[in-house]
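Below is one structure, written out as structure tokens; the observations come after it.
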Amino acid sequence: MHIIAFLSGKGGVGKSTLTANLAVALAQRKKRVLLIDLDPQNAQRFHLSMDPQEIAGLVREGISPASVFDSPFDVSFIPFGRVTDAELEDFEAHLRADPDWVARGIGTLGTTAFDFILLDTPPGATVFLVQALRAAHCAFKIVLADAASLVTVDKMLALIGQYTADRPDYAGTYLLINQMPTRGKLGHQVRVALQSHYSTQLIPVSIHRDVHVAQALAFERPVLQYEPGCKASLDIQYVVDWLLTNLE
Numbered sequence: 109m110h111i112i113a114f115l116s117g118k119g120g121v122g123k124s125t126l127t128a129n130l131a132v133a134l135a136q137r138k139k140r141v142l143l144i145d146l147d148p149q150n151a152q153r154f155h156l157s158m159d160p161q162e163i164a165g166l167v168r169e170g171i172s173p174a175s176v177f178d179s180p181f182d183v184s185f186i187p188f189g190r191v192t193d194a195e196l197e198d199f200e201a202h203l204r205a206d207p208d209w210v211a212r213g214i215g216t217l218g219t220t221a222f223d224f225i226l227l228d229t230p231p232g233a234t235v236f237l238v239q240a241l242r243a244a245h246c247a248f249k250i251v252l253a254d255a256a257s258l259v260t261v262d263k264m265l266a267l268i269g270q271y272t273a274d275r276p277d278y279a280g281t282y283l284l285i286n287q288m289p290t291r292g293k294l295g296h297q298v299r300v301a302l303q304s305h306y307s308t309q310l311i312p313v314s315i316h317r318d319v320h321v322a323q324a325l326a327f328e329r330p331v332l333q334y335e336p337g338c339k340a341s342l343d344i345q346y347v348v349d350w351l352l353t354n355l356e
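For what it's worth, the working numbering labels the leading residue of the sequence shown as 109, then goes sequentially.
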């Protein structure tokens with residue numbers, strides 16, 4: 109079983125959308141996939157077509173076989189759940205006091221129930237990020253091909269190292285460029301800079317900017333099903349090829 113944390117230094121990089129689509133792509137390869145939403149925005153319920161009125165999630169039910177939902181896309185998932193501000197504050201305090209809560213919950217699922225568990229985290233340095241890093245075998249840091257993302261990489265990698273450096277089972281942190289521009293020089297220049305500084309960590313495939321991704325989300329469907337032949341869908345499949353070759 110491989111546990112992968114998906115994280116970003118800032119919002120707006122398309123991390124949750126990409127995480128959901130990678131989960132679907134893995135499921136299409138006949139992998140048993142569980143996606144756990146550790147982001148209080150609770151957005152994965154939209155990506156995976158959950159009933160919008162459903163309030164259940166890991167805050168109330170925890171991480172256990174009983175809290176797992178089945179999506180129409182052959183991806184199992186545990187939503188964050190709809191919570192009040194007070195409930196969220198209490199939950200965050202609980203996680204700070206028990207930094208292995210997520211890892212222990214995953215342990216209740218058994219080691220053979222899933223081939224991959226994907227952890228979607230909120231942007232920045234949060235208690236949810238700490239929980240994910242203490243459970244994950246590796247992490248994908250999602251970045252944009254822009255200057256703002258470039259300057260935050262070192263800081264984020266240092267933060268990740270604080271929670272993973274002493275773990276022999278942690279395979280590493282990888283950088284994945286999302287929403288790569290199809291025109292202009294900046295995107296290419298940023299990729300070259302990332303390749304120069306992080307050659308062993310930069311995933312050799314970028315996810316290109318594609319209008320079909322937003323259109324698919326409007327219909328609450330993965331872009332892989334909405335438009336499987338579009339550029340973003342093909343890029344996602346290439347990333348899964350890389351993942352299965354290098355991590356499995």
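Ideal Cβ placement from N, Cα and C applies to all residues, glycine included.
Between the beta-carbon of S175 and that of L166 there is about 6 Å, and that keeps the pair under the 8 Å contact cut. Residue state for V235 is assigned as helix, using DSSP reduced to three classes. Taking 4 residues as the minimum length, the alpha helix (DSSP H) runs contained wholly in the region 144-198 are 152-155 and 166-169, in order along the chain.
Cβ neighbours of N286 within its own chain (closer than 8 Å, five residues either side excluded): V121, G122, K123, L126, I250, V251, L252, S314 and I315. For T281, no alpha helix (DSSP H) run applies; the uninterrupted beta strand (DSSP E) run containing it begins and ends at G280 to N286, by DSSP. Distances from the CA of A244 to each of G269, G232, D254 and A255 were compared; the closest alpha carbon is that of G269. As DSSP reads the structure, C246 sits in a beta bridge with I112 and G280.
Look at I225 here: in three-state DSSP terms it is strand. Burial is judged here by how many other beta carbons sit within 10 angstroms of a residue's own beta carbon; D206 has fewer than 16 and is exposed.
Pairing G213 with I171 gives a Cβ-Cβ distance under 8 Å. Counting the other CB atoms within 10 Å of its CB gives Q297 a total below 16, which places it among the exposed residues. For K339, the uninterrupted alpha helix (DSSP H) segment begins and ends at K339 to L355. In its chain, beyond the 5 residues on either side, G117 have a beta carbon closer than 8 Å to the beta carbon of K263. When the alpha-carbon of M109 is set against those of A240, D182 and K139, the nearest one is in K139. Put simply, the backbone Cα of A128 is about 27 Å away from that of L294.
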